[in-house]
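Have a look at the structure below before the remarks.
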Ligand SMILES: Cc1ncc(C[n+]2csc(CCOP(=O)(O)OP(=O)(O)O)c2C)c(N)n1
Ligand SMILES: Cc1ncc(C[n+]2csc(CCOP(=O)(O)OP(=O)(O)O)c2C)c(N)n1
Ligand code: SF4
Ligand code: SF4
Ligand SMILES: [Mg+2]
Ligand SMILES: [Mg+2]
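Protein chains in written order, with my numbering: chain A, 1 to 571; chain B, 1001 to 1571; chain C, 2001 to 2281; chain D, 3001 to 3281.
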């Protein structure tokens, strides 16, 4: 029976085109109607080192990288050595016999002289990766014309290369027809459906535009730079302004200045940049100015492993910065979630007038994934509370209200003049006698978080109704946890899961209810110290079982499944 | 019966000399053999606003400000209005009848025309505060000659003012003899004993010098600047270098550079500065370079209340910064503790090769307090582990060891050459293939903290042996908590307390044992959100009862006592 | 509303909060000159935003009845940049101390100037850290004995006007808090300038660094026939250590950043989410 | 050991780690010239510390068999300052990119130069952000179209040599990665200089901003009779946009910070804790 889901891993030297070979194939299949999930990893250096690209594509929704790989495309011996152990039984090895000499094993081998084809047949060595793309398309039943458009748009700016690349594509495609297909993987031609395919950074940019963000300031950093680059391109046509700042301190400073002046504004960075933004996070809290920070987390501390994944910045998002101030922390679980949750981040920042930290990560930012086309008309957009003409008669920027939310005037608004203070202040924003207002102002600021907490959407629970084991995750691991839990439930294990997106304020009631409903809680996360597990401990006085991975790669469903099984068995 | 303990509060306009009037009296009495505890608070502005100074002096050890005040010295009407409610029954009001018109009350009044005395009798208005000092000395039985030295040294650089100030002192003193003493407070002449009196910043500077610190870089900020100023003065004679950096990022950067080059080094700042040092904290963790950061906490967030107290930076010290890295967090409980614990901070930073954050605060930094003279010869000083000649033959800066500690070479050491990396690295410090080393290096770095935890001194427990209620505090509140607990025990309440100084790694065993030994835990702290309480929750899965004060002032023993009583009664 | 336009007087720009500076502090004069400049230009107070950092000088927004933002130490210019870019119709002043702009904030001015964003940046230079009670600042003279340099400062003082010129600022001037007529005029000119305008004001700190007498002997007007287009000449003059020249050193017309950025905008449209998302279909 | 002194060759300074730069990257030449300069000066490798920030260029310490510190983006100079101040016998080089030194690190050089601490600061200027794959840098020319400025950069480019001069650096030079003889010599001179030495190196990024051809048409040696004591002249020349002058722009003898700091030390003694504490008795 032909299998309609394929996991493909391509590995090779950084700069050899491994990643774009995979990307063309992946996007091409997604645009033909398949579900898709990818992961990429590459060295921090511009040239050299080992890069690999992982694709899972199928006719049913795909939640994670999966376990193992059905197909390994080894561009070089290192790729073969690093990944052959992962190849599933009866899997497919595609390799260039001039560089890779596979030992025997329980797999199907397609030795294809890609190098020779590119160099000798095409006289275009750089097209090798596109030859691979064409070959994969042919082998697994993808219409090469679906890839043409992608290649055309990639080489729009370099038309001199376009023809050769298209030729490479079809050469690879034709070559696949010459070999005898021995594997069972076949994507049956589908219809193009109303789905989208994008990566996390694309989804964040799109969501931010829809949320009304019209000012962005940022400083380049992997893996967040795409957002700066996208918005720099898109903003002029929308009347927005994009600023490449001199550093991250300046970036968040300009964002807060822009927001003070009335524009929805954000910045995007990674760990090192967020560390530098710490002081301004507190100012946003004190002066009650909305702002959104995207943190595309990568492995820290310091420069760490700049192109590798880690969920290592939760602590900083929750607790970083001197003093106590309200903050919103949101972590999306998928590409689709990036789109909706960034809108939520803007809505919450604007409504509650404080900083919102949005925790994506390297895997999610660069993960291409299919999603349903959003019904954009149904999406609610929130704006900050503005003073009424009555309120402007004796305007108190920081009026003490039940909700903690005070109407915010904007420069050029008559009667609304005030000084936004980094100092403690009274209702007018005056700073002469701060101790008099300290307690009332502090509690007012935190009342906003109480209100926000009440207004949170409940995170859905899934899995067994009578679960004894509960899995609680956060961020980019949503899909992989879901897959593992579904596997476990299928196996008859009493497991359920919940995956809150808003982490601060946490939907305490729902998460608390979930925790009370199970006997054991497992918290899988991609960091060493169990940051989320400790946060749950601090909040609910529980001692969850931790599952931590911190090598710079995502979980596989099997890793989580095995942990569940272990807990079941030891219970 | 004359009372041998006096609490005095002086209040007036900032810049009027309220604080130095009190300071002279306080230091004078301490140097004559009394125990002393002070607190000062003043506006963030250079001129104007309300300042006050609080002194508790007595012949038995003094642990806190105490409750209420025995004596109020009101320099102006505001001081009278703000503090008269605090005056104990049968307390003493000293005031200038030309500016203050007290209503009747159950207290002893000494109307003294200080202004007139200074202006008319002395023709030296600026000496008014010294007149007050002299008056207090006379009234409460302090030998004015004990104050002479202090005044002399204060005016060393301005000899033209010395005579007038001495004259002011004796004028005030003589004046006190002219009035009829109606109060019972009297410090009976004591012998000068081998005690020291200093403030927290003094003790930190002294301890750092003894610990071997010979490089300091800092950027001025209240209430930490004194340390920069002291070390700038002291270092040249000791071969040390003090650098006023252009900002806090540069300060910590230079400290880490200096430490890399082999010198024990530190910086001192407050909240805003620590926020800026965040990224470098992680570098210290990653490159395993010892460094000490003093955070003299003040009320945040942002600029907050820069001259007011708060224990608001614990979260940041524990969790600030992207990524996971080992760190040491120490919070001293008293001035004496500042001296010993800063030495501990250096010892631990050097031994475990990472960052140590030292959490003082505005009250403690500027609190003058008596302490026993340290036996300096008995103090152990630790140095970082250095490579042996054998190890230098194939030197691995980050060798994986059981303890996690790797020998550290220093520039100019032959054979020890390596590159200190902000990137993940292997045992040599090479960064080409970080994923290979990631797990081993991360666990190695954290093994140091496990070792450190094992080597911690157990924090002493005090109070009732059969306690049912446990109080756990941290930082500058040690004395006041102790006083409250002692009061409670005297009242027959079953209460005990523990006050760990090293907060990360926490002495989990001892604190855990303490927690298990009681039924209820109260955590008093000077912040809104209960940062330490949450940390205890995260560590021990408990829900302590919180007592939070966040108006910018220290606890009084009564506030804590009442909380204990409340818990006892509700139990 | 329009009738009021001609009637704005200094009191329309004065807030009801009393400055907390020490008697004689130069910042009083800077405040008064700012009020006067705004009055002279008859700017609507609600269209003016005064952004500051942290320091004695940076308290200035509280004393003005305009919009204001008292930000963080050193971050005056980044915040001011954000304000200006999203609403170029606002008049944006960035006012702060020598420590704020040239020590902790030293990395921002080169970029604000290179961008030429229309901000009037006023440096209230007292050659000392006032608010933290008297430490050496980046403009303190060599040898200056302060709390943080008890044996004298051993760093060369920075020259704000020279730096502004090297950074490519398009309006560079120096005033003195004792010459209020000129100072008010320079601030007004700076506000009218399109692009980044930098004004150094010598504004002594009576409490920790009283330099009035010294400055009185050092100040000198720029030569009558001074060519404000001569950047090299201006840099040479700004390097002098024996004199403190006052007046407009340099002025150049160069497109302002906010105008160049707006020039990219052709046919601004509302965001068409469906069309945008269709790119990913 | 002493016999070895005369024998040090380039290979003694080369580490066994292979540079990861792209073919043709200018940084290869800067590395080779650094090795050569160290060889020419016969410095003991263990007495040399190369401090860098983050960027392609900042990988340089890994390729040198000396002590090194690969710090944080922009923080090259603060760390180098700490190293030098506690051990002035070390030769300290601070080597980093244009983004590192003039964007995120822009606030530090003015101060390092004002202090005149003896560090040899080499800016590997490729007018682009290499490591993050091609965004505009502070030295990118106006109009430069990059990933972050798709419609062209609208900021004026910074001029590192001009800035170094305005900051008061006491040694200011410019080299080009294609002129290795001169570059090795400038680095060697910079190392020998007492005080803060700044060397801008035009070091093209073949991957994202290949400027070799353009630079070849723009470079020009400084005039033969160039007076390296003429700061004003140097500033004027450094302001030129049509030519890229190579060589030593400026050199001045001024006491170095670490020397002045040491001069405060009279009779250095061990810390007498009891005597010190007695002050508080
Ligand atoms: C991040 C940070 N570091 C340090 C401080 C402390 N601080 C407040 S103002 C100031 C410097 C004041 O000098 P300047 O900028 O020249 O202003 P002035 O008071 O002289 O007008 C400093 C260091 C702070 N508020 N924030
Ligand atoms: C705080 C921080 N922000 C951003 C980055 C990402 N980053 C790494 S290198 C770099 C700039 C590289 O440009 P440059 O300094 O000119 O060096 P080059 O690569 O061109 O040699 C950036 C923005 C980082 N590592 N740390
Ligand atoms: S300390 Fe100096 S700068 Fe600050 S208000 Fe007083 S005189 Fe002005
Ligand atoms: S990207 Fe540019 S700077 Fe980086 S190594 Fe390649 S050529 Fe050199
Ligand atoms: Mg100043
Ligand atoms: Mg560069």
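Beta carbons: idealized from backbone N, C-alpha and C, even for Gly.
Margin query: Under 8 Å: does the beta carbon of residue 3153 (chain D) sit that close to some heavy atom of ligand 6?
Written below: What you label residue 3153 (chain D) is simply residue 153 of the fourth chain in a count that begins at 1. Residue 3153 (chain D): no, Cβ never under 8 Å from ligand 6.
Next item on the list: Consider the Cβ of residue 2148 (chain C): report whether some Cβ of chain B lies at a distance smaller than 9 Å.
Entry: As a first step, residue 2148 (chain C) must be located in the third chain, where it is residue number 148. With 9 Å as the cut-off, residue 2148 (chain C) counts as an interface residue toward chain B.
Item checked: Opening and closing residue of the alpha helix (DSSP H) in which residue 3262 (chain D) lies -> The residue you call residue 3262 (chain D) lines up with position 262 of the fourth chain. Where residue 3262 (chain D) is concerned, the enclosing alpha helix (DSSP H) stretches over 3257 to 3263.
Next item on the list: State whether the segment 3238 to 3248 of chain D contacts the segment 3172 to 3184 of chain D, with contact taken as three or more CB pairs (one from each stretch) at a distance under 8 Å.
Entry: A contact exists between the segment 3238 to 3248 of chain D and the segment 3172 to 3184 of chain D.
Notebook entry, point to check: Cβ of residue 3057 (chain D) versus every heavy atom of ligand 7: is any distance shorter than 8 Å?
Noted result: Judged by which ligands are present, ligand 7 is missing from the structure shown, whose ligands are ligand 1, ligand 2, ligand 3, ligand 4, ligand 5 and ligand 6.
Next item on the list: May I ask whether a heavy atom of ligand 3 can be found less than 8 Å away from the beta carbon of residue 2133 (chain C)?
Entry: Within the third chain, the letter at position 133 stands for residue 2133 (chain C). The answer is yes for residue 2133 (chain C).
Next item on the list: Please state whether DSSP places residue 221 (chain A) in a helix, a strand or coil.
Entry: As a first step, residue 221 (chain A) must be located in the first chain, where it is residue number 221. Residue 221 (chain A): coil per DSSP, three-state reduction.
Next item on the list: Give the C-beta separation of residue 3090 (chain D) and residue 1261 (chain B) to the nearest angstrom, bearing in mind that I take them to be a contact with Cβ-Cβ under 8 Å.
Entry: As a working note, residue 3090 (chain D) is residue 90 in the fourth chain. As a working note, residue 1261 (chain B) is residue 261 in the second chain. The beta carbons of residue 3090 (chain D) and residue 1261 (chain B) sit about 7 Å from each other, so the pair counts as a contact at 8 Å.
Note to self: Using CA atoms only, rank isn't needed, just tell me which of D:3225, D:3281, D:3066 and D:3183 is closest to residue 3008 (chain D).
What the structure shows: For the purposes of this step, residue 3008 (chain D) is taken as the residue at position 8 of the fourth chain. Checking every option, the nearest Cα to that of residue 3008 (chain D) belongs to D:3066.
Next item on the list: Quick one: which residues of the segment 1240 to 1254 of chain B get their C-beta closer than 7 Å to a C-beta of chain C? List them in chain order.
Entry: Taking 7 Å as the Cβ-Cβ cut-off, the segment 1240 to 1254 of chain B approaches chain C at 1244, 1246 and 1247, given in chain order.
Item checked: Beta-carbon gap between residue 128 (chain A) and residue 137 (chain A) smaller than 9 Å -> Start at 1 with the first residue of the first chain, and residue 128 (chain A) comes out as number 128. Start at 1 with the first residue of the first chain, and residue 137 (chain A) comes out as number 137. For residue 128 (chain A) and residue 137 (chain A), no; Cβs fall outside 9 Å.
Check: In three-state DSSP terms, what is residue 2167 (chain C)?
Finding: What you label residue 2167 (chain C) is simply residue 167 of the third chain in a count that begins at 1. Coil at residue 2167 (chain C), not helix or strand.
Notebook entry, point to check: Comparing the CB of residue 3103 (chain D) with every heavy atom of ligand 2, is any distance shorter than 8 Å?
Noted result: Working through the fourth chain from its first residue, we reach residue 3103 (chain D) at position 103. Yes.
Checklist line | Identity of the residues DSSP links to residue 2176 (chain C) by a beta bridge | finding: Looking up residue 2176 (chain C) in the third chain gives position 176. Per DSSP, the beta-bridge partners of residue 2176 (chain C) are C:2202.
Next item on the list: Run the CB neighbour count on residue 1570 (chain B), radius 10 Å, all protein chains shown included, and call it buried at 16 or more, exposed below.
Entry: Locating residue 1570 (chain B) in the second chain gives position 570, counting from the first residue. Exposed, because fewer than 16 other Cβ atoms sit within 10 Å of the Cβ of residue 1570 (chain B).
Check: Do residue 3136 (chain D) and residue 3024 (chain D) have their C-beta atoms closer together than 9 Å?
Finding: On the fourth chain, residue 3136 (chain D) is found 136 positions in, with the first residue counted as 1. On the fourth chain, residue 3024 (chain D) is found 24 positions in, with the first residue counted as 1. No, the pair does not count as a contact, with Cβ atoms beyond the cut-off.
Next item on the list: For residue 286 (chain A), name the three-state secondary structure that DSSP assigns.
Entry: As a working mapping, residue 286 (chain A) is identified with position 286 in the first chain. Looking at residue 286 (chain A) - three-state DSSP - the assignment turns out to be helix.
Notebook entry, point to check: Can you list the residues of chain B that residue 572 (chain A) reaches, using a CB-CB cut of under 7 Å?
Noted result: Look at the range of chain A in this structure, 1 to 571, and you will see that residue 572 (chain A) is not part of it.
Check: Between the C-alpha atoms of residue 331 (chain A) and residue 524 (chain A), what's the straight-line distance to the nearest angstrom?
Finding: Counting from one through the first chain, the residue named residue 331 (chain A) turns up at place 331. Counting from one through the first chain, the residue named residue 524 (chain A) turns up at place 524. If you take the alpha carbons of residue 331 (chain A) and residue 524 (chain A), they lie about 15 Å apart.
Checklist line | Residues of the segment 2052 to 2077 of chain C with Cβ closer than 9 Å to any Cβ of chain B, in chain order | finding: Within the segment 2052 to 2077 of chain C, contact with chain B at the beta-carbon level (separation under 9 Å) is assigned to 2054, 2056, 2059, 2070, 2071, 2072, 2073 and 2074.
Margin query: On the criterion of 16 or more Cβ atoms from any shown chain inside 10 Å, does residue 31 (chain A) qualify as buried, or is it exposed?
Written below: As a position in the first chain, residue 31 (chain A) is number 31, starting the count at 1. By the 10 Å Cβ count, residue 31 (chain A) comes out buried.
Note to self: Would residue 2156 (chain C) pass as an interface residue toward chain D - the criterion being a Cβ-Cβ separation below 9 Å?
What the structure shows: Within the third chain, numbered from 1, the residue matching residue 2156 (chain C) stands at position 156. The beta carbon of residue 2156 (chain C) falls within 9 Å of a beta carbon belonging to chain D, placing the residue at that interface.
Checklist line | Beta-carbon separation (whole angstroms), residue 1361 (chain B) vs residue 1297 (chain B), contact threshold 8 Å | finding: The sequence position of residue 1361 (chain B) within the second chain is 361, counting from 1. The sequence position of residue 1297 (chain B) within the second chain is 297, counting from 1. With a beta-carbon spacing of about 4 Å, residue 1361 (chain B) and residue 1297 (chain B) fall inside the 8 Å limit used to define contacts.
Notebook entry, point to check: In chain order, what residues of the same chain have a beta carbon less than 7 Å from the beta carbon of residue 3018 (chain D), not counting five sequence neighbours either side?
Noted result: Locating residue 3018 (chain D) in the fourth chain gives position 18, where the first residue counts as 1. Its chain contains no residue whose beta carbon lies nearer than 7 Å to that of residue 3018 (chain D) once the 5 sequence neighbours on both sides are disregarded.
Check: According to DSSP, is residue 3213 (chain D) helix, strand or coil?
Finding: Within the fourth chain, numbered from 1, the residue matching residue 3213 (chain D) stands at position 213. DSSP places residue 3213 (chain D) in helix when its eight states are reduced to three.
Notebook entry, point to check: In whole angstroms, what separates the C-alpha of residue 1155 (chain B) from that of residue 1015 (chain B)?
Noted result: Counted from its first residue, the second chain places residue 1155 (chain B) at position 155. Counted from its first residue, the second chain places residue 1015 (chain B) at position 15. Distance between the alpha carbons of residue 1155 (chain B) and residue 1015 (chain B): 17 Å.
Checklist line | Through-space distance from residue 3277 (chain D) to residue 1194 (chain B), alpha-carbon basis | finding: Reading the second chain from its first residue, position 194 is the one you call residue 1194 (chain B). Reading the fourth chain from its first residue, position 277 is the one you call residue 3277 (chain D). Here the alpha carbon of residue 1194 (chain B) sits roughly 11 Å from the alpha carbon of residue 3277 (chain D).
Check: Counting contacts by CB-CB distance shorter than 9 Å, is residue 3269 (chain D) in contact with chain A?
Finding: Translated into the one-based positions of the fourth chain, residue 3269 (chain D) becomes position 269. Taking Cβ atoms only, chain A never reaches closer than 9 Å to residue 3269 (chain D), which makes this a no.
Note to self: I want to see whether chain G comes within less than 9 Å of residue 3131 (chain D), judged by CB atoms only; does it?
What the structure shows: No chain G is part of this structure, whose protein chains are labelled A, B, C and D.
Check: Exposed or buried, what is residue 2002 (chain C) when buried is set at 16 or more other beta-carbons lying within 10 Å of its beta-carbon?
Finding: As a position in the third chain, residue 2002 (chain C) is number 2, starting the count at 1. Reliability of the predicted coordinates at residue 2002 (chain C) is poor, the pLDDT of 44 falling under 50, and the value obtained from them is presented with this limitation in mind. By the 10 Å Cβ count, residue 2002 (chain C) comes out exposed.
Notebook entry, point to check: Are any of the Cβ atoms in chain C nearer than 9 Å to that of residue 22 (chain A)?
Noted result: The count along the first chain starts at 1 and reaches residue 22 (chain A) at position 22. Answer no: the Cβ-Cβ gap between residue 22 (chain A) and chain C never drops below 9 Å.
Next item on the list: Check whether the Cβ of residue 3160 (chain D) lies closer than 9 Å to any Cβ atom in chain A.
Entry: Taking the fourth chain and counting its residues from 1, one reaches residue 3160 (chain D) at position 160. No, its Cβ sits nowhere closer than 9 Å to a Cβ of chain A.
Notebook entry, point to check: Does DSSP put residue 2231 (chain C) in a helix, in a strand, or in coil?
Noted result: Along the third chain, one-based indexing puts residue 2231 (chain C) at 231. It is helical.
Notebook entry, point to check: Among C:2014, C:2021 and C:2026, which has the Cα closest to the Cα of residue 2050 (chain C)?
Noted result: Here the question's residue 2050 (chain C) lines up with position 50 in the third chain. When each option's Cα is compared against that of residue 2050 (chain C), the closest is C:2014.
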